[in-house]
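Chemist: So for the sequence shown, full-length UniProt numbering puts the first residue at 1; every next one is plus one.
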Amino acid sequence: MPRIRQADVEEVKARTNIADVIGERVALRSAGIGSMKGLCPFHDEKTPSFHVRPQQGYYHCFGCGESGDVYTFLREMDHVSFTEAVERLAARVGYTLQYEDGGPAPETSGRSRLLAANAAAAEFFRAQLMTPDAEPARRFLGERGFDAGAAAHFGVGYAPQGWDGLIKALTAQGFSRDELTAAGLVSAGQRGGVYDRFRGRLIWPIRDVTGQTIGFGARKLYEDDPGPKYLNTPETPVYKKAQVLYGLDLAKRDIARGDPKRVVVVEGYTDVMACHLAGVTTAIATCGTSFGPEHVTVLRRIMGDDSSSGEVVFTFDGDEAGQKAAIRAFAEEGRFNAQTYVAVAPDGLDPCDLRLRRGDGAVRSLLDHKVPMFEFVIDRRIAGFDLASVEGGIGALRSAAPIVAAIRDRMVRAGYERVLARKLGMEPRDVHAAVEQAARRAGEAGGGRRPPRPMPGTDAPGAGAPDGAAPAVQRVTLATLPRTSDVALERDALTGVLQYGHRVDPDLLTRAIALPFRHPALEVVRARVAEAADRTRPGWSLAVIEGVREPYRQLAGELLAREFPARDEEHALASVADICRRLVLRALDQEKRELLSAVQRASPSSDEGRALRVRLRDLDAERRRLIDEE
Numbered sequence: 001m002p003r004i005r006q007a008d009v010e011e012v013k014a015r016t017n018i019a020d021v022i023g024e025r026v027a028l029r030s031a032g033i034g035s036m037k038g039l040c041p042f043h044d045e046k047t048p049s050f051h052v053r054p055q056q057g058y059y060h061c062f063g064c065g066e067s068g069d070v071y072t073f074l075r076e077m078d079h080v081s082f083t084e085a086v087e088r089l090a091a092r093v094g095y096t097l098q099y100e101d102g103g104p105a106p107e108t109s110g111r112s113r114l115l116a117a118n119a120a121a122a123e124f125f126r127a128q129l130m131t132p133d134a135e136p137a138r139r140f141l142g143e144r145g146f147d148a149g150a151a152a153h154f155g156v157g158y159a160p161q162g163w164d165g166l167i168k169a170l171t172a173q174g175f176s177r178d179e180l181t182a183a184g185l186v187s188a189g190q191r192g193g194v195y196d197r198f199r200g201r202l203i204w205p206i207r208d209v210t211g212q213t214i215g216f217g218a219r220k221l222y223e224d225d226p227g228p229k230y231l232n233t234p235e236t237p238v239y240k241k242a243q244v245l246y247g248l249d250l251a252k253r254d255i256a257r258g259d260p261k262r263v264v265v266v267e268g269y270t271d272v273m274a275c276h277l278a279g280v281t282t283a284i285a286t287c288g289t290s291f292g293p294e295h296v297t298v299l300r301r302i303m304g305d306d307s308s309s310g311e312v313v314f315t316f317d318g319d320e321a322g323q324k325a326a327i328r329a330f331a332e333e334g335r336f337n338a339q340t341y342v343a344v345a346p347d348g349l350d351p352c353d354l355r356l357r358r359g360d361g362a363v364r365s366l367l368d369h370k371v372p373m374f375e376f377v378i379d380r381r382i383a384g385f386d387l388a389s390v391e392g393g394i395g396a397l398r399s400a401a402p403i404v405a406a407i408r409d410r411m412v413r414a415g416y417e418r419v420l421a422r423k424l425g426m427e428p429r430d431v432h433a434a435v436e437q438a439a440r441r442a443g444e445a446g447g448g449r450r451p452p453r454p455m456p457g458t459d460a461p462g463a464g465a466p467d468g469a470a471p472a473v474q475r476v477t478l479a480t481l482p483r484t485s486d487v488a489l490e491r492d493a494l495t496g497v498l499q500y501g502h503r504v505d506p507d508l509l510t511r512a513i514a515l516p517f518r519h520p521a522l523e524v525v526r527a528r529v530a531e532a533a534d535r536t537r538p539g540w541s542l543a544v545i546e547g548v549r550e551p552y553r554q555l556a557g558e559l560l561a562r563e564f565p566a567r568d569e570e571h572a573l574a575s576v577a578d579i580c581r582r583l584v585l586r587a588l589d590q591e592k593r594e595l596l597s598a599v600q601r602a603s604p605s606s607d608e609g610r611a612l613r614v615r616l617r618d619l620d621a622e623r624r625r626l627i628d629e630e
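(1) Determine the direct distance from the alpha carbon of Leu367 to that of His432, and round the result to whole angstroms.
(2) By Cβ distance below 6 Å, which residues in the same chain neighbour Ala611 in space, the five residues on each side in sequence not counted?
(3) Name the residue from Leu97, Glu179, Val86 and Gly23 whose alpha carbon lies nearest to the alpha carbon of Val209.
(4) From the DSSP output, in three-state form, read off Pro293 for me.
(5) Could you tell me which of Asp178, Gly184, Arg191 and Ala188 sits nearest to Ala218, measuring between CA atoms?
(6) How would you call Arg562, buried or exposed, if buried means at least 16 neighbouring beta carbons within 10 angstroms?
(7) Measure the alpha-carbon distance for Arg25 versus Ile302 and round it to whole angstroms.
(8) Quick one: give me the first and last residue of the alpha helix (DSSP H) that Ser187 is part of.
(9) If we count Cβ pairs, one from each stretch, closer than 8 Å, do we get three or more for the stretch 115–133 versus the stretch 162–179?
(10) Are the CB atoms of Asp69 and Ile18 within a distance shorter than 8 Å?
(11) Between which two residues does the alpha helix (DSSP H) holding Gln499 run?
(12) Taking the CB atoms as reference points, tell me whether Thr181 and Val194 lie closer together than 8 Å.
(13) Helix, strand or coil for Phe216 per DSSP?
(14) So who's on the other strand from Ala283, going by DSSP bridges?
(15) For a test of the three-state rule: what should DSSP assign to Gly157, helix, strand or coil?
(16) Do His43 and Gly63 have their beta-carbon atoms positioned less than 8 Å apart in this structure?
(17) Does the stretch 411–429 come into contact with the stretch 383–402, if we say contact requires no fewer than three beta-carbon pairs (one atom in each stretch) closer than 8 Å?
(18) Answer with buried or exposed for His51, where buried requires no fewer than 16 other C-beta atoms within 10 angstroms of its C-beta.
(19) Can you give me the C-alpha to C-alpha distance between Arg197 and Tyr222, rounded to a whole angstrom?
(20) With DSSP run on the structure shown, which of helix, strand or coil describes His51?
(21) Look up Val548 in the DSSP assignment and say whether it is helix, strand or coil.
(22) Using the DSSP secondary-structure output, state which residues sit across from Phe314 in a beta bridge.
(23) Taking buried to mean at least 16 other C-beta atoms within 10 Å of its own C-beta, is Pro41 buried or exposed?
(24) Does the beta-carbon distance from Ile513 to Val487 come in below 8 Å?
(25) Output needed for Val371: all residues of its chain with C-beta closer than 7 Å, excluding positions within five of it in sequence on either side, in chain order.
(26) State the start and end residues of the unbroken alpha helix (DSSP H) segment that holds Asp178.
(27) If we count the other Cβ atoms within 10 Å of its Cβ and call it buried at 16 or more, is His60 buried or exposed?
(28) Would a C-beta distance cut-off of 8 Å place Phe114 and Pro237 closer than the cut-off?
(29) Go through its chain and collect everything with a Cβ distance to Lys592's Cβ below 6 Å, but skip five positions before and after it.
(30) Kindly identify the DSSP beta-bridge partner or partners of Val371.
(31) For Gly557, which option in Glu531, Val525, Lys241 and Val576 has the closest C-alpha, if you only look at C-alpha atoms?
(32) Bridge partners for Tyr246 per DSSP, in chain order?
(33) Judging by CA-CA distance, which residue of Val21, Gln600 and Gln98 is the nearest neighbour of Glu10?
(34) Short of 8 Å in beta carbon distance, which residues of its chain neighbour Leu508, apart from the five on each side in sequence? Order them along the chain.
(35) In chain order, what residues of the same chain lie with their CB nearer than 7 Å to the CB of Ala278, ignoring the 5 residues before and after it?
(36) Determine the DSSP secondary structure at Asp196, reduced to helix, strand or coil.
Here is the structure:
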């Protein structure tokens with residue numbers, strides 16, 4: 001397979017803003033000069049340790065050690081090949097790639113083909129919605145208050161009733177049946193053939209956070225259809241229902257801009273449509289599955305680390321199924337930084353029906369009736385008990401106590417103990433005792449705390465080593481460096497040079513970085529910087545990081561990613577130059593001490609003594625010159 005020309009690989013990277021690409025998945029905010037940070041997409045955290053430096057085209061997580069350029073990010077996040085990552089970004093910036101043998105572009109890799117097939121299918125379904133056969137689909141939408149403009153905004157379409165309409169349309173565009181099967185667009189027949197998976201259904205395209213169509217949700221329209229009411233794309237290499245939230249591509253911008261940030265979780269596609277059209281533009285929904293931990297992770301990335309004042313509002317139907325959904329969602333409540341609430345219309349209407357019957361204003365005002373998730377779940381737990389009887393009160397307490405015991409914040413837990421006591425008409429001390437007992441039982445059932453699992457990029461002692469073998473060398477990080485003035489100088493020097501070296505006086509930089517460092521690990525990184533052939537262009541530092549040997553590469557990445565101590569860019573450039581002069585002065589001072597010692601040993605009248613004194617005078621003049629430059 002032909003390889004992409006290296007010059008094109010570099011050009012595409014140079015034209016791509018890494019913060020824009022990562023910002024589609026992670027809420028980033030300013031973190032000092034030329035740096036942004038957010039919650040790491042590679043491991044679960046509540047305090048941001050994931051840093052992005054757009055100027056260098058680099059990201060690094062101080063929590064798990066994941067780092068790299070924009071190609072690495074796409075490969076790790078989307079599990080694509082290097083070639084596909086380059087091709088995707090080239091398409092994004094409108095750049096035509098050339099290949100080393102001068103031949104045509106190689107056949108696009110598997111993931112891109114699946115995404116292309118889904119995009120073509122979405123266009124096919126949209127076009128079908130305008131055909132005479134789609135009248136039942138248009139009627140369905142109209143009866144729920146959605147006009148043609150609403151359908152177009154959400155990309156709603158129609159799958160015709162035939163068995164191979166989509167197959168014919170997409171194979172005519174060059175897609176193979178194997179590709180359509182892998183994309184979940186067709187199903188295998190009993191006799192070896194394939195047929196359209198979606199037939200006679202209203203279709204919603206399901207998009208990832210970047211807006212790419214990765215699957216579909218479909219509702220049946222005909223009574224004689226023996227299939228389920230709702231049918232989704234099966235699990236595919238691009239569609240993982242546990243990680244997908246319908247409408248997030250449309251909602252993410254308003255979620256990130258909100259003050260406070262708010263996400264509204266509804267139950268269905270039409271509910272998302274109704275909310276957005278009513279002005280609640282942060283509504284999203286799961287796709288054929290319950291709200292789970294991976295959904296929480298996705299939302300936390302979008303909301304960011306400063307979401308403790310934010311809100312996640314769940315809307316559920318007032319029926320028994322809706323209440324069960326609330327209980328399932330409650331199981332994930334503790335994973336959020338934000339406050340969680342439940343909003344249920346007084347008569348149990350979902351947002352779609354609420355908008356249809358009472359208008360857009362009723363949907364917006366639904367959020368005014370939200371109650372804290374804990375309180376909602378407690379109310380549902382005690383609703384089935386006769387609180388007028390002693391037995392009923394005790395049963396309600398035993399049912400609700402584990403809910404309160406699950407609250408990690410002790411002040412919040414104490415507050416809900418008082419709420420529960422008031423609801424049950426009991427003494428707070430009795431409720432507190434029941435909650436404490438429930439907490440102890442939960443701890444015993446869990447067998448105590450498990451030891452934390454090592455994060456990616458770290459080594460557990462002796463991990464992976466056979467019995468008797470020496471443990472793996474532990475990686476060096478900023479946290480492992482000693483806190484001395486020499487280390488601080490060398491650390492800041494490397495950070496400044498890696499981030500701003502292309503804008504510092506090249507003669508001063510070359511002289512400073514050629515001087516050996518005193519800390520062994522920092523010396524390894526310095527030597528690699530000194531070997532760099534071209535330090536005059538942005539992005540040169542990435543090649544340096546990649547060239548640092550283990551176990552020092554993570555340290556090099558942290559040096560590039562860390563926040564440089566300066567108030568603005570002008571001050572940063574001046575500080576880097578000053579640090580370079582300090583390195584040279586340190587070396588001159590060391591040489592002076594050695595010269596003075598040598599002068600004491602040498603005869604004053606000897607050639608050696610005279611030469612040493614001349615060098616001392618030159619050295620002092622050089623020191624004064626450097627000091628005057630400050």
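No residue lacks a Cβ here, since even glycine has one placed at the ideal position from N, Cα and C.
Modeler: This is what the structure holds:
(1) When the Cα atoms are used, His432 and Leu367 turn out to be separated by approximately 32 Å.
(2) none
(3) Gly23
(4) helix
(5) Gly184
(6) buried
(7) 7 Å
(8) Not the alpha helix (DSSP H): Ser187 falls in the beta strand (DSSP E), residues Val186 to Ala188.
(9) yes
(10) Going by C-beta atoms, Ile18 is nearer than 8 Å to Asp69.
(11) Ser485 to Tyr500
(12) yes
(13) The answer is strand: DSSP assigns Phe216 an E or B state.
(14) Val264
(15) strand
(16) yes
(17) yes
(18) Buried, since its Cβ has 16 or more Cβ neighbours within 10 Å.
(19) The C-alpha of Arg197 lies about 16 Å from the C-alpha of Tyr222.
(20) strand
(21) Collapsing the DSSP output to three states places Val548 in coil.
(22) Val265 and Val342
(23) buried
(24) Cβ atoms of Ile513 and Val487: not closer than 8 Å.
(25) Tyr341 and Val342
(26) Per DSSP, Asp178 belongs to the alpha helix (DSSP H) from Arg177 to Ala182.
(27) Label assigned to His60: buried.
(28) Residue identity check: residue 114 is Leu in the sequence provided, not Phe. Pro237 sits close to Leu114, with the two beta carbons spaced by under 8 Å.
(29) Leu619
(30) Val342
(31) Val525
(32) Ala285
(33) Gln98
(34) Ala577, Cys580, Arg581 and Val584
(35) Arg355, Asp360, Val363 and Arg364
(36) strand
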